[in-house]
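J.:
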Amino acid sequence: MTPSKNPLPIQSAPRHATYKRSFDEVARHMATRSSITRSQMEEADDSTIGERAADAVARFGGSWTFIMLFALVLLAWVGVNSVLLAKSGGKPFDPFPYILLNLFLSMLASIQAPVILMSQNRQGKIDRERMENDYEVNLKAELEIMAMHEKIDAHGERIDELLALLKKMPA
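Mapped onto UniProt numbering, the consecutive letters of the sequence shown carry residue numbers 1 to 171.
Here's what the structure looks like:
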C-alpha cells in the first residue's frame, strides 16, 4: 500500500448536511492538530428562565420526595373529609366522591404534562448535541487511526527498501 500525498485520509464528505458540517469540522481540527472535544459542562447554559423552570418542575415531579408529599396530601385530604369532619359532626368541604380533589388533580396533570414534555424536548436537544460531539470525536479518532495506519505502512515499506539495500551491500 502506498501512502497518499494527502496527509489526511479524507476523500469526500458524506452527503447529509449535518454530517458534512461535522466532517469538515473534523478535517479542520485534524489539519490543525487541535482537540475537537467539547464538554457540555463547560459550555454556557443559554437556557431561558422558562426552560430552567420546566427542568426544575420535571426534576421535582419525578422524585420520590414529590411522590411521598403527594401521597401525604391525598391521605390528608381524604382523612380530613372522611374521618375527622364526619366524626366531629362538621360538614366536609369535599364529600366522598371528592369532586374538588378530582378537579385539582386534573388541573395539576394538565399543567404538569406539558412542563414535563418541554423538559424532555430540552433534554432531547442536549442529547442530540452530545451525540453530535461524540460523532465528531469518533470520526476524528477513526481518521487519525487511518492516517497512522498509512504512516506505519509507509514506514514498513521504507524499512523493506532499506533491508533490501543492506542485503545488496558487500560484507
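Glycine is no exception: its CB is placed at the ideal position from the N, C-alpha and C atoms. Since the structure is predicted, the reported quantities are computational estimates derived from the model, not experimental observations.
For S34, which residues in the same chain have their Cβ closer than 7 Å to its Cβ, ignoring the five residues on either side in sequence?
T.: Excluding positions up to five away in sequence, the list is empty.
J.: Whole angstroms is fine: what's the gap from L69's alpha carbon to Y135's?
T.: Their backbone Cα atoms lie some 42 Å apart in a straight line.
J.: Counting C-beta neighbours from all protein chains within 10 Å, is the total for H29 16 or more, i.e. buried, or is it exposed?
T.: By the neighbour-count rule (16 or more Cβ atoms within 10 Å), H29 is buried.
J.: With respect to the alpha helix (DSSP H) encompassing residue 180, which residues constitute its N-terminal and C-terminal limits?
T.: One cannot answer for residue 180 here, as it falls past the ends of the chain, which runs 1 to 171.
J.: Sort L72, I126, I36 and R158 by Cα distance to D46 and report the nearest one.
T.: For D46, the nearest C-alpha among the options comes from I126.
J.: Ordered along the chain, which non-local residues of its own chain (more than five positions away) have a Cβ less than 8 Å from that of T37?
T.: Within the same chain, T37 has close Cβ partners N133 and V137.
J.: Looking at the secondary structure, which residues open and close the alpha helix (DSSP H) in which L103 lies?
T.: Run containing L103: I99 to K168, per the alpha helix (DSSP H) assignment.
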